[in-house]
Structure formats: structure tokens, C-alpha cells
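Down below is the structure, laid out as C-alpha cells.
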DNA sequence: ATAAAGTCTATAATATTAGTATAGTTTTAT
DNA sequence: ATAAAACTATACTAATATTATAGACTTTAT
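Protein chains in written order, with the numbering used here: chain A, 1 to 146; chain B, 1001 to 1146.
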């Protein structure tokens, strides 16, 4: 049940951008700054941010003084959105996926025990990731620091 | 967040063995029977059952009329136990794992937002897998069939 | 014009997954 | 004795995913 590095780095970067949105007027940061702060290989982070950009979760500005910034207020972006862009469906098996359903091997899906339990797992994970916004994460971090 | 085929097959096989435990006097089944019923490559399943045997979750009997059977009553084996044998720790990132903790990249674990959320995710998954027994799964399947 | 910054594509290196194949050994009911 | 069944071990492959790295290109502030 692992989160890939791609997913981990992407989530860290987005949380970082949410902090910047809260604390700086432009809300803009360069790849290198994020890479350094979060200890992420810069070129790898570049690909990840590009994917997030193509998914419409961040915007960017080219050229001198450019950088990345969140496409929306941090309280309108959920971890689930970020996760799905980078790591695909949340469901442990495809036959319980909401976003990418595929039939699995069971003779009868309705009475498949594994499917029922994995459906519960999917919902439990989705309930957390889809209801937690970047803003909420930042708040929680600040609370922990206090 | 995917369950590997190894994990999927192993869980299916264990649920299958739990059904047999409930419905047959010996509770014993051969690899081939399970493989056929659950559509699992037999040689792959052999490896998986061996791993479960070495972990003490199933016992086996050699020779004619032999086979595999659960090492304990189905209500004393949880999906979490099976999962961990086959797919390793439940935690999405190692720094929130109970069974296989390792530090991650965060400068301060106590105030790392990602870590907090992934801790919640880990607990949500573990709460389901560690509290659901094979017997409970079988009951649920029977209820769905009725 | 230049340098800072993102864009895009390709490729490499490594690891994991999902098996398949081989080749036996051991146990046990009949 | 024989056949059925599990046990052990290895190792090989093929595909896929992961984790990057490299380099050429484009945009923009100054």
C-alpha cells in the first residue's frame, strides 16, 4: 500500500506552495526553492510540477521572476486531487475504483468478500484524502508548531 | 495505493480456506482446487501458500488426501495478518509505519503535514484490515448471497 | 542581449511484479 | 509400490513502474 516517491514529492511540493500562498503576496516559488527545502531532486520535481500543471492544479510563469503557484485557493484543492494525478486511482483493486473501474477476477462481484472489504478500504482512504485540503494541512502544521 | 496480485491472490485463497473450514469437516483443500476456483496460476499460488505457511497462518498435510487448511479458527485470523505477510507494511510511507518504521525526509517529523495525514490513512486502513477476520468476510459473503 | 526560469522529450538505471520453468525431495493413503 | 500431494530452491524472463538525469527549447524581466 505504498505511496510512490512521485506522489510523496508532489504532495510535499503542493503543501509547500500552499504555505507560500498563505504567507507571500505573489504565492510564487521556483522549482529550486521547493527542491531544496523539501530535499527533492530538482529535475524530478520539474516533471512532477509539469504533470500538476497539465492537470490544472498549479499555474506557472516563465522567465525571470517566474515560478509556480497554486491554480486555486489552497482550501479548494484536496490531497485526493493531487494524489490521483500523480499516482492514479486510490482503490486497492480496480473493481472498486470510482474513477477507473475495471472488472476483477471474481465470478460474482456482488458477493465477492475481498471486493467488499477493499471497497471499505477505498472509501476510508478517499474520505481522508478527498476531504483534506491543502489549507487544512497547513493549519494543522501550524497548530503542531505552536 | 495498489494491492499486488500476490496480496490479492493470497487473500482470496485465505477466504476460500475459511469457507472450507466452515463447510467441510476436514477444512482441507488442495492448491489446484483453490487455483481453479479463484482463477489463480497454480504455481504462483503454491509460492504464496508456502509464504503463508512459513508465517504460521496455514498448515498443510502432505501426501494423498493432503492439502492446506487454516492454522487457526477463521475468526482468529485477520486480513491485516495475511496482508502483511504478502505485501509488507500497511503504511503509505515508512515514517508512519508501526511495524517497519523508518525516518522519511521531513526536517521535523512532529510538524510534517504529509506525515500527519498519512498517519491518518494508515490508521484508517489498519482499522479495517486488522479488525476484519476471515470469518467476518465469509459471513458477509453469505449475507450478500441471501 | 542576457540570464533566469519554465517546457518538453528522450533516455538510463534500477526495482518490482508477475509469473514460468526446472528439478527435484518428502510424505502418506491406498 | 505407486501415485498424489506438498516442500524446497533456484533462476529466469518479460513487462512495467519508479526514479531519476540530460539536453535542447521557449519565454520574459531587466
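Built from N, CA and C at the ideal position, the CB exists for glycine as well.
Inset, instruction - Starting from the Cα of residue 1025(B), find the closest Cα among 1054(B), 1116(B), 1070(B) and give me that residue. - result: To locate residue 1025(B), count along the second chain from 1; it is residue 25. The option with the nearest alpha carbon to residue 1025(B) is 1070(B).
Inset, instruction - Evaluate contact between the stretch 40 to 59 of chain A and the stretch 1129 to 1136 of chain B, counting only Cβ atoms and requiring at least three cross-stretch pairs below 8 Å. - result: no
Inset, instruction - Closer than 6 Å by C-beta to residue 13(A): which residues in its own chain qualify, once you throw out the five before and the five after it? Chain order, please. - result: By 1-based counting over the first chain, the position of residue 13(A) is 13. Counting only Cβ-Cβ distances below 6 Å, and skipping sequence neighbours, we find 34.
Legend entry - Distance, residue 139(A) Cα to residue 1095(B) Cα: On the second chain, residue 1095(B) is found 95 positions in, with the first residue counted as 1. On the first chain, residue 139(A) is found 139 positions in, with the first residue counted as 1. Cα to Cα, residue 1095(B) sits roughly 21 Å from residue 139(A).
Inset, instruction - Report the partner residues of residue 64(A) according to the DSSP bridge assignment. - result: The residue you call residue 64(A) lines up with position 64 of the first chain. Under DSSP, residue 64(A) takes part in no beta bridge, so it has no partner.
Legend entry - First and last residue of the uninterrupted alpha helix (DSSP H) at residue 1084(B): In the second chain, the residue the question calls residue 1084(B) occupies position 84. Segment 1079 to 1087, the alpha helix (DSSP H) holding residue 1084(B).
Inset, instruction - Can you tell me which of 99(A), 109(A), 87(A), 67(A) puts its alpha carbon nearest to the alpha carbon of residue 1(A)? - result: Counted from its first residue, the first chain places residue 1(A) at position 1. Here the closest residue by C-alpha is 87(A).
Inset, instruction - Taking 8 Å as the cut-off, decide whether the C-beta atoms of residue 11(A) and residue 79(A) are in contact. - result: In the first chain, the residue the question calls residue 11(A) occupies position 11. In the first chain, the residue the question calls residue 79(A) occupies position 79. The answer is yes: Cβ separation under 8 Å.
Inset, instruction - Take the Cβ of residue 1028(B) as the centre, count every other Cβ of all protein chains shown within 10 Å, and call the residue buried at 16 or more, exposed below. - result: As a working note, residue 1028(B) is residue 28 in the second chain. So residue 1028(B) counts as buried.
Inset, instruction - Give the interface partners of residue 147(A) over in chain B, defined as CB-CB distance under 7 Å, in chain order. - result: The structure shown does not extend to residue 147(A), since chain A is modelled only from 1 through 146, so no value can be given for it.
Inset, instruction - Use the C-beta contact count for residue 113(A): other C-beta atoms within 10 angstroms, 16 or more gives buried, fewer gives exposed. - result: Counted from its first residue, the first chain places residue 113(A) at position 113. Looking at its Cβ environment, which holds 16 or more other Cβ atoms inside 10 Å, residue 113(A) is buried.
Legend entry - Residues, ordered as in the chain, of the stretch 68 to 87 of chain A that lie near chain B by beta-carbon distance below 9 Å: Among the residues of the stretch 68 to 87 of chain A, those with a Cβ less than 9 Å away from any Cβ of chain B are 79, 83, 87, in the order of the chain.
Legend entry - DSSP three-state assignment for residue 9(A), whether helix, strand or coil: Position 9 of the first chain, counted from the first residue, corresponds to residue 9(A). The answer is helix: DSSP assigns residue 9(A) an H, G or I state.
Inset, instruction - Return the first residue and the last residue of the alpha helix (DSSP H) that residue 119(A) is part of. - result: To locate residue 119(A), count along the first chain from 1; it is residue 119. Here the alpha helix (DSSP H) through residue 119(A) covers 113 to 129.
Legend entry - residue 1003(B) beta carbon less than 8 Å from that of residue 118(A): Taking the first chain and counting its residues from 1, the one referred to as residue 118(A) is at position 118. Taking the second chain and counting its residues from 1, the one referred to as residue 1003(B) is at position 3. Their beta carbons are under 8 Å apart, which means residue 118(A) touches residue 1003(B) by this criterion.
Inset, instruction - Name the residue from 141(A), 122(A), 59(A), 68(A) whose alpha carbon lies nearest to the alpha carbon of residue 1106(B). - result: Your numbering for residue 1106(B) matches position 106 in the second chain. When only C-alpha atoms are compared, the closest one is 141(A).
Legend entry - residue 144(A) versus residue 1115(B): straight-line alpha-carbon distance, rounded: Here residue 144(A) refers to the residue found at position 144 when the first chain is read from its first residue. Here residue 1115(B) refers to the residue found at position 115 when the second chain is read from its first residue. Distance between the alpha carbons of residue 144(A) and residue 1115(B): 12 Å.
Legend entry - Enclosing alpha helix (DSSP H) for residue 1138(B) [first to last residue]: If you number the second chain from 1, residue 1138(B) lands on position 138. Residues 1134 to 1145.
Inset, instruction - Let me know the secondary structure DSSP gives residue 70(A) once reduced to three states. - result: As a first step, residue 70(A) must be located in the first chain, where it is residue number 70. Note: residue 70(A) maps to strand in three-state DSSP.
Inset, instruction - Please name the residue in 1063(B), 1081(B), 1030(B) whose C-alpha comes closest to that of residue 1054(B). - result: As a working mapping, residue 1054(B) is identified with position 54 in the second chain. Looking at the Cα atoms, 1081(B) is the closest of the given residues.
Inset, instruction - Could you tell me which chain B residues have their CB closer than 8 Å to the CB of residue 118(A), listed as they occur along the chain? - result: Here residue 118(A) corresponds to residue number 118 of the first chain, with the count starting at 1. Per Cβ cutoff of 8 Å: 1003.
Inset, instruction - Keeping to the same chain, check which residues put their C-beta closer than 6 Å to that of residue 1021(B); ignore five residues upstream and five downstream. - result: Here the question's residue 1021(B) lines up with position 21 in the second chain. Within the same chain, residue 1021(B) has close Cβ partners 1027, 1070, 1074.
Legend entry - Close-in-space but distant-in-sequence residues of the same chain around residue 1066(B) (CB under 8 Å, 5 per side omitted): Here residue 1066(B) corresponds to residue number 66 of the second chain, with the count starting at 1. Hits under 8 Å: 1028, 1030, 1060.
Legend entry - For residue 1077(B) and residue 1091(B), the rounded distance between their alpha carbons: Within the second chain, the letter at position 91 stands for residue 1091(B). Within the second chain, the letter at position 77 stands for residue 1077(B). If you take the alpha carbons of residue 1091(B) and residue 1077(B), they lie about 20 Å apart.
Legend entry - residue 1084(B) burial status per 10 Å Cβ neighbour count (16 or more: buried): Residue numbering aside, residue 1084(B) sits at position 84 when the second chain is read from its first letter. Buried.
Inset, instruction - Please work out which residues of its chain come closer than 7 Å, Cβ to Cβ, to residue 49(A), disregarding the five sequence neighbours upstream and downstream, and give them in chain order. - result: By one-based count along the first chain, residue 49(A) stands at place 49. Closer than 7 Å at the Cβ level, and outside the excluded window around residue 49(A), lie 13, 31, 58, 68.
Legend entry - Straight-line gap, residue 1136(B) to residue 89(A) (C-alpha atoms, nearest Å): Counted from its first residue, the second chain places residue 1136(B) at position 136. Counted from its first residue, the first chain places residue 89(A) at position 89. Looking at the two C-alpha atoms, the distance is approximately 27 Å.
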